[in-house]
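Step one of this worksheet: look at the structure below.
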Amino acid sequence: MALMGDKARLLETGRFVHAPDDGRESGTPGGRDTVLPDQRDADMPLDVIEADAAAEASEAVTEAHHRRAAEAGDTAAMSVLGAMLLRRGDLDGAEPYLRSATAAGDRAAANNLGVLLHQRGYADEAAGWWRIAAVAGSAAAAHALGRFYRERGDEPAAEYWLRQSAESGHCLGAYALADLLEHRGDVGAERWFRAAAERGHREAAYRLARLLDDRANALGGDGTPDAEAEQWYRQAAARGHRRAALHLGTLLEERGETQEAGRWYLTAAKGGEARAACALGFLLRDAGDEESAAEWWRRAAQDGDGNAANALGALHADRGETQTAERWYRAALDAGDVNGAYNIGLLCAEQGREGRGEQWYRRAAYAGHREAANALAIMLLQRGDSAGAEPWFSKAAEAGSVDAAFNLGILYAERGAERMAHEWYERAAAAGHTEAALQVAIVHLRDGDTEAAERHLRCAADGGSAEAAFRLADLLDRRDGGAVERRQDAECTRWYEHAARQGHRRAQVRVGMFAAARGDVVEAARWYRAAAEAGSRNGAFNLGLLLAREGSLPEAALWWTRAAEDGHGRAALRLALLAARRGALAEGHQWCRRAVELGPPEVAERAARLREALQEELSA
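Numbering (this note's numbering), first residue to last: 1066 to 1685.
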């Protein structure tokens, strides 16, 4: 069985972790709201960040100027100085200036005073000042007030103030409103995610892309995001959003664009995204660089990625380092990945430690691992405990294990419960199980439903079943009447050849017969010999006929002997005739007796007559 957990599927389906969402506007003495230390958002446009950095660089130079102006009663200077001190973390120094500016009607000071009080733990008083600033037109204060009400569970009030902020053009207000609306299932979320994303909010860009993806899938899409969704992923990833880079890398890998996918995985992995490091490891492994792959898997596993730990375990298991492999499988299990228990079970089974393997299979199976349940059932069945195996097969099959569904079919067939067996075979066949499709086709052939049989045979043959390819060819051949002249370019011939190339002995004999019919002795001999060497008595007999016609009777006799010893009556009759011709009457008599035993009837009749003649010669 193949090891589980060596392929990454990385995208989350649950709720997202929200980026910090506090409002900010650039601070100037002109009455606008001021940047605050705990309101720095990585999603700000770059030009705002640069301007803010420049302001910080000149802060020491200008602080004295603002202090002198503030002491002289300049309200704007009080507001800016209070913001500067607040940014520095000097709450005691900032508070009197902010209160004075607020009392003079400065809305930026009122907003920043709210922030200061919130940092001190006075949330209700902070909300009062945010309300004053918001009513005065501060979008940042409206955003802060909306968040305050949402944290308190008052969604109507939260929506009112967040909408005020968003409609005033506040980027983070638009994002917070979109988050609230999406939480409620409101279709208006898309509009505000888009508004925030267009202003450079990377989390909004990522959430918008996911929303577009989900909508496309709900409308019956194939899981591939449309161009707009991908562009928003790109924008978020380009701004350093790790999950967007991970998601974009996965999309590109699925499209076969592995080089670009690797670049985005690397970006996300360097940012600390363990799943991206894991995915990067798989790309490197597929490119043949196992050492680099192991390094990235190790980083991801140390960050708690169970899939990476399983991949490391599989890598060491392939190298024969079973103790190290088991250690990483245990790490995967500790990270919550039940594949780790299943893989330890596989490792124990490969080492012949069946008892230990069963324990780990049971642990994984009880945790809902369907392949572990199937493996446990197989182990019980091999011990002769079919009653114990059946419920585990059922549990695995109901959980979606195609192999378990097929195995249930085998179990019921062995008990003679043909109807139940057929139902499970059909379920497995519908999920693409090749051997199950073949078994369903055999039942339809037995019942005379050739149309249904052909459909399932084609599925199984396309899935790689040589037996299905042969049976399909035989079905088509009989439908066409089996005329040699119609076979040469017929579909049945192509399926015979397909099965023959896969080593199907009966198909090899048929292909050899077609070649002999068109006079290609060399090709016919090649296929007969391949079948004969694989144990086909018909192949050995036909090869003997071909060699005899070419004058190689000694070699022909060798192949006929092999066929006769394997139960071929015509080969035994041929050997009897050869013995009779060279005067070996006793040997010929023995082969005649063998031919009579083997048949078929016409061969038995001829062999009986020859035996009587040889008996007369022996008695004479």
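Positions of the beta carbon are idealized from the N, C-alpha and C atoms, including for glycine.
Residues near residue i by beta carbon distance below 7 Å, same chain, minus five either side
i, result
"Ala1678", "none"
"Arg1132", "Leu1146"
"Leu1210", "Ala1192, Trp1195, Arg1196, Ala1199, Trp1226"
"Ala1188", "Phe1213"
"Ala1397", "Gly1070, Gly1371, Ala1374, Asn1375, Gly1378, Asn1404, Gly1405"
C-beta contact flag for residue i and residue j at 8 Å
i, j, result
"Ala1589", "Leu1611", "yes"
"Ala1580", "Gln1573", "no"
"Gly1046", "Ala1204", "Lying before the first or after the last residue shown, residue 1046 is absent from the chain, which here runs from 1066 to 1685."
"Cys1524", "Ala1496", "no"
"Leu1317", "Glu1293", "no"
"Gly1202", "Arg1228", "no"
"Glu1263", "Leu1245", "no"
"Ala1261", "Cys1236", "yes"
"Glu1391", "Leu1412", "yes"
"Gly1474", "Ala1461", "no"
"Tyr1162", "Ala1135", "yes"
"Leu1349", "Trp1361", "yes"
"Gly1401", "Gly1371", "yes"
"Gly1528", "Thr1499", "yes"
"Trp1592", "Gly1577", "yes"
"Asn1472", "Ala1442", "yes"
"Ala1687", "Gly1314", "Residue 1687 is absent from the model: the chain starts at 1066 and stops at 1685."
"Ala1493", "Ala1470", "yes"
"Phe1258", "Ala1281", "no"
"Arg1164", "Leu1178", "yes"
"Gly1568", "Ala1531", "yes"
The alpha helix (DSSP H) enclosing residue i, as first and last residue numbers
i, result
"Ala1241", "1236-1248"
"Gly1327", "1323-1335"
"Glu1662", "1650-1663"
"Ala1012", "The structure shown does not extend to residue 1012, since the chain is modelled only from 1066 through 1685, so no value can be given for it."
"His1312", "1307-1319"
"Tyr1162", "1156-1168"
"Val1403", "Premise fails: Val1403 is in no alpha helix (DSSP H) and is neither H nor E."
"Asp1383", "1371-1383"
"Ala1261", "1254-1263"
"Ala1342", "1339-1351"
"Ala1205", "1204-1216"
"Arg1152", "1140-1153"
"Ala1303", "1292-1303"
"Ser1357", "1355-1367"
"Asp1189", "1188-1200"
"Gly1417", "From DSSP, Gly1417 is part of no alpha helix (DSSP H); its letter is neither H nor E."
"Asp1251", "From DSSP, Asp1251 is part of no alpha helix (DSSP H); its letter is neither H nor E."
"Ser1466", "Run containing Ser1466: none; DSSP gives neither H nor E here."
Close-in-space but distant-in-sequence residues of the same chain around residue i (CB under 6 Å, 5 per side omitted)
i, result
"Leu1446", "Ala1454"
"Trp1393", "Ala1374, Leu1377, Gly1378"
"Pro1666", "none"
"Arg1215", "Ala1223"
"Thr1515", "none"
"Ala1175", "Thr1167, Trp1194, Ile1197, Ala1198"
"Ala1310", "Ala1302, Trp1329, Thr1332, Ala1333"
"Trp1560", "Ala1534, Leu1537, Ala1538"
"Ala1672", "Leu1638, Cys1657, Ala1660, Val1661"
"Glu1247", "Ala1254"
"Asp1351", "none"
"Ala1517", "His1509"
"Gly1702", "No statement about residue 1702 is possible, as the shown extent of the chain runs from 1066 to 1685 and does not include it."
"Arg1307", "Ala1333, Gly1336, Glu1338"
"Asn1603", "Val1574"
"Trp1599", "In the sequence as displayed, the identity of residue 1599 is Ala instead of Trp. Same-chain partners within the cutoff: Arg1570."
"Ala1414", "Gly1422"
Beta-carbon proximity list for residue i, same chain, < 8 Å, skipping 5 on both sides
i, result
"Gly1158", "Leu1150"
"Thr1626", "Ala1636, Leu1640"
"Ala1464", "Gly1433, Arg1435, Ala1438"
Interface flag, residue i vs chain D, CB-CB below 8 Å
i, result
"Gly1371", "The structure shown contains no chain D; it holds only a single protein chain."
>> Can you confirm whether the region 1290-1298 touches the region 1262-1273 when touching is taken to mean that 3 or more C-beta pairs between the two stretches lie within less than 8 Å?
In response: yes
> Counting Cβ pairs, one atom from each stretch, are 3 or more of them under 8 Å apart for the region 1426-1438 and the region 1398-1407?
Replying inline: yes
>> To test your reading of the DSSP string, which unbroken alpha helix (DSSP H) runs of 4 or more residues are found completely within the region 1580-1656?
In response: 1586-1598, 1602-1614, 1618-1630, 1634-1646
> Which runs of the alpha helix (DSSP H) spanning at least 4 residues fall entirely within the region 1497-1578, listed in chain order?
Replying inline: 1499-1512, 1515-1527, 1531-1544, 1549-1552, 1556-1566
>> For a minimum of 4 consecutive residues, which ranges assigned as the alpha helix (DSSP H) are wholly contained in the region 1432-1463?
In response: 1435-1447, 1451-1463
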